[in-house]
Amino acid sequence: MRNTDTIAAVATAMSSSGIGIIRVSGDEAFSIGDQIFRKYRSDDEESHLWNPGQESHKVFYGHICDRGEIVDEVMVLVMKGPHSYTAEDTIEIQCHGGILVMKKILETVIRYGARPAEPGEFTKRAFLNGRMDLSQAEAVMDVINARNQYALKSSVSQLNGKVSGKIRELRAKILYEIAFIESALDDPEHISLDGYPDRLRQILKPVIEETEKLLDSADNGRVMKEGIRTVILGKPNAGKSSLMNVLLGEERAIVTDIAGTTRDILEEQIQLEGISLNVVDTAGIRNTSDVVEQIGVTRAKNAAESADLIIYVVDSSVPLDDNDRHIMEMIKGQKAVILLNKTDLPAVVGVEDLIKLTEYPIIGISAKEGTGIDELEDQVKSMFYEGEIDFNDQIYITSVRHKTALTESCRSLKMVMESIDSGMPEDFYSIDLMDAYEQLGTIIGEAVEEDLINEIFGRFCTGK
Numbered sequence: 020m021r022n023t024d025t026i027a028a029v030a031t032a033m034s035s036s037g038i039g040i041i042r043v044s045g046d047e048a049f050s051i052g053d054q055i056f057r058k059y060r061s062d063d064e065e066s067h068l069w070n071p072g073q074e075s076h077k078v079f080y081g082h083i084c085d086r087g088e089i090v091d092e093v094m095v096l097v098m099k100g101p102h103s104y105t106a107e108d109t110i111e112i113q114c115h116g117g118i119l120v121m122k123k124i125l126e127t128v129i130r131y132g133a134r135p136a137e138p139g140e141f142t143k144r145a146f147l148n149g150r151m152d153l154s155q156a157e158a159v160m161d162v163i164n165a166r167n168q169y170a171l172k173s174s175v176s177q178l179n180g181k182v183s184g185k186i187r188e189l190r191a192k193i194l195y196e197i198a199f200i201e202s203a204l205d206d207p208e209h210i211s212l213d214g215y216p217d218r219l220r221q222i223l224k225p226v227i228e229e230t231e232k233l234l235d236s237a238d239n240g241r242v243m244k245e246g247i248r249t250v251i252l253g254k255p256n257a258g259k260s261s262l263m264n265v266l267l268g269e270e271r272a273i274v275t276d277i278a279g280t281t282r283d284i285l286e287e288q289i290q291l292e293g294i295s296l297n298v299v300d301t302a303g304i305r306n307t308s309d310v311v312e313q314i315g316v317t318r319a320k321n322a323a324e325s326a327d328l329i330i331y332v333v334d335s336s337v338p339l340d341d342n343d344r345h346i347m348e349m350i351k352g353q354k355a356v357i358l359l360n361k362t363d364l365p366a367v368v369g370v371e372d373l374i375k376l377t378e379y380p381i382i383g384i385s386a387k388e389g390t391g392i393d394e395l396e397d398q399v400k401s402m403f404y405e406g407e408i409d410f411n412d413q414i415y416i417t418s419v420r421h422k423t424a425l426t427e428s429c430r431s432l433k434m435v436m437e438s439i440d441s442g443m444p445e446d447f448y449s450i451d452l453m454d455a456y457e458q459l460g461t462i463i464g465e466a467v468e469e470d471l472i473n474e475i476f477g478r479f480c481t482g483k
């Protein structure tokens, strides 16, 4: 699957900025650079970007020229493979960050022998050349797309090999048992399997526990990466849209004293204590004859069904009614927090009234005055992450693909345990052990097909 042709792309955003970078990687990268780059030098200085006796990772100052015409004043970073991002000979041209000048330099590089890089092709080459495994390569894009500090820390942890290190450790234990069984079956005179099923059971028990621990982290990993899908529910005029505006820090939702102002859902992303909340403001839930409002209420209920978190806003200045009881019944079984809003007004409903009806945490707030929001932030964090998140020790699975592979691997390991309990022959163990080994291999890219690799890197941005 390794390509030897030379590829090039703009590695920075195609927008006006101070600096732009054009990355060139492949066997002809230095040759192309020599043809188009003219550096400032003394008469006795070597003119080439690279020669066999030259030190790698040097920066040169000069001009990019095309057919005798200066295109731009640049700095060129020269990296000799395998000590580069792609593990190939690479140059990075740092130019002025105008869209036109970046395009002209890229066109010049292509004119002299490179071809345009496909999306994710630089990282794909890094993977194919053994510079990183597949889980690390996927983490590159996760770092770029990180929406909050937890997602960023998790992605950097994966990029540094925390996930792949754990996967390799589990695979090594499984492979040892596969090799032992196969050797014993091939040479029963010298390698005995007496008592081996019981030993294997004790060996696999912690492996299964480690696999399940990784799977248990997937829910937290998903909300780190994608954000917590949060739905704000309540009766009309309870202060849902006011809360949305307070969380956003701007007047995004329309707020009036007229009940039923919000007719449709409004979605925004909010950062709370480093956690991303994908917040949905909904129409007030009540019985109504208004056809449009009925549609909004139905959409609110549908949104609530798929929510990770429900924020139920109660107006403390008006009595509870059947609509409140309907909402409490509707959110049973889901993660939720109740906000007793309008604490700046004389209270008709208090915390003690709600405690009689629900076991969910209750926080008094005033969306109008912005009080109680800090307590809400702390509550949300504690509901999804127990204590402080330690990325030095804890590994979080953030990829659906990884979760699927771990699920299948765990299933195969448990089938081995069932075979042991059923007294099946040892060669049955090998079949499921090998399946678990290969499933784990798909996470780090040691047992994947070309189509899957193309699909993964096809989701990357061009230039990365």
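If you read the sequence shown in my numbering, its first letter stands for residue 20, the second for the next number, and so on. Every residue, glycine too, gets a C-beta built ideally from N, C-alpha and C.
- Query: Among 103, 85, 375 and 93, which has the Cα closest to the Cα of residue 128?
  - Reply: If you compare the alpha carbons of 103, 85, 375 and 93 with that of residue 128, the shortest gap goes to 85.
- Item | Sequence-distant residues of the same chain with beta carbon closer than 7 Å to residue 53, five excluded per side | Apart from the 5 residues on each side of it in sequence, residue 53 sits with its Cβ closer than 7 Å to the Cβ of 67 and 68 in its chain, given in chain order.
- Message: Cutting at 8 Å between CB atoms, please list the residues of its own chain near residue 322, excluding the five before and the five after it.
- Response: 250, 284, 299 and 301
- Taking the alpha-carbon positions, what's the residue 272 to residue 57 distance? With a pLDDT of only 45 at residue 272, under the threshold of 50, the placement of this residue in the model should not be trusted, and no figure is reported.
- Which value, in whole angstroms, describes the spacing of the CA atoms of residue 37 and residue 481? Distance between the alpha carbons of residue 37 and residue 481 is about 20 Å.
- Query: DSSP state of residue 209, grouped into three classes?
  - Reply: coil
- Task: On the DSSP bridge assignment, give the partners of residue 94 in chain order.
- Result: 80 and 113
- Message: Measuring alpha carbon to alpha carbon, tell me which residue in 208, 214, 154 and 164 is nearest residue 185.
- Response: 154
- Message: Can you find the residues in the same chain that come closer than 6 Å, C-beta to C-beta, to residue 190, ignoring five residues on each side of it along the sequence?
- Response: By the criterion of a C-beta distance shorter than 6 Å, residue 190 is surrounded in its chain by 456 and 459, once the five residues flanking it on both sides are discounted.
- What number of angstroms, rounded off, separates the C-alpha of residue 435 from the C-alpha of residue 424? 17 Å
- Message: Whether or not the segment 377 to 397 and the segment 201 to 219 are in contact is what I'm after, with contact meaning three or more pairs of Cβ atoms, one per stretch, closer than 8 Å; do they touch?
- Response: no
- Message: If distances are taken between C-alpha atoms only, which option among 320, 363, 339 and 366 comes closest to residue 351?
- Response: Nearest option by C-alpha distance: 320.
- For the candidate residues 146, 113, 376 and 462, whose alpha-carbon lies nearest to that of residue 101? 146
- Message: Mapping the DSSP letters down to three states, classify residue 301 as helix, strand or coil.
- Response: coil
- Message: So if DSSP puts residue 134 in a beta bridge, which residue, or which two residues, is it bridged to?
- Response: 26
- Query: Smallest Cα separation from residue 119: which of 98, 138, 414 and 29?
  - Reply: 29
- Task: Spell out the partners DSSP gives residue 334 in its beta bridges.
- Result: 360
- Query: Using the rule of at least 16 other Cβ atoms within 10 Å of the residue's Cβ for burial, across every protein chain shown, is residue 275 buried or exposed?
  - Reply: Per-residue confidence for residue 275 stands at a pLDDT of 42, beneath the threshold of 50, marking its modelled position as unreliable; no derived number is given.
- Query: For residue 276, which three-state DSSP category applies?
  - Reply: Residue confidence is low: residue 276 scores 45 on pLDDT, short of 50, so the model does not pin down where it sits. Its coordinate-derived value is still stated next. Of the three classes helix, strand and coil, the one that applies to residue 276 here is coil, per DSSP.
- Message: I'd like to confirm the pairing. Which residues does DSSP put opposite residue 290 in its beta bridges?
- Response: 295
- Look up residue 390 in the DSSP assignment and say whether it is helix, strand or coil. strand
- Task: With DSSP as the reference, label residue 219 as helix, strand or coil.
- Result: If DSSP states are grouped into helix, strand and coil, residue 219 belongs with the helices.
- Query: Going by the CB atoms, is the gap between residue 294 and residue 333 shorter than 8 Å?
  - Reply: no
- Near residue 355, which residues of its chain fall below 8 Å by C-beta distance, leaving aside the five closest residues on each side in sequence? 328, 329, 330, 331 and 379
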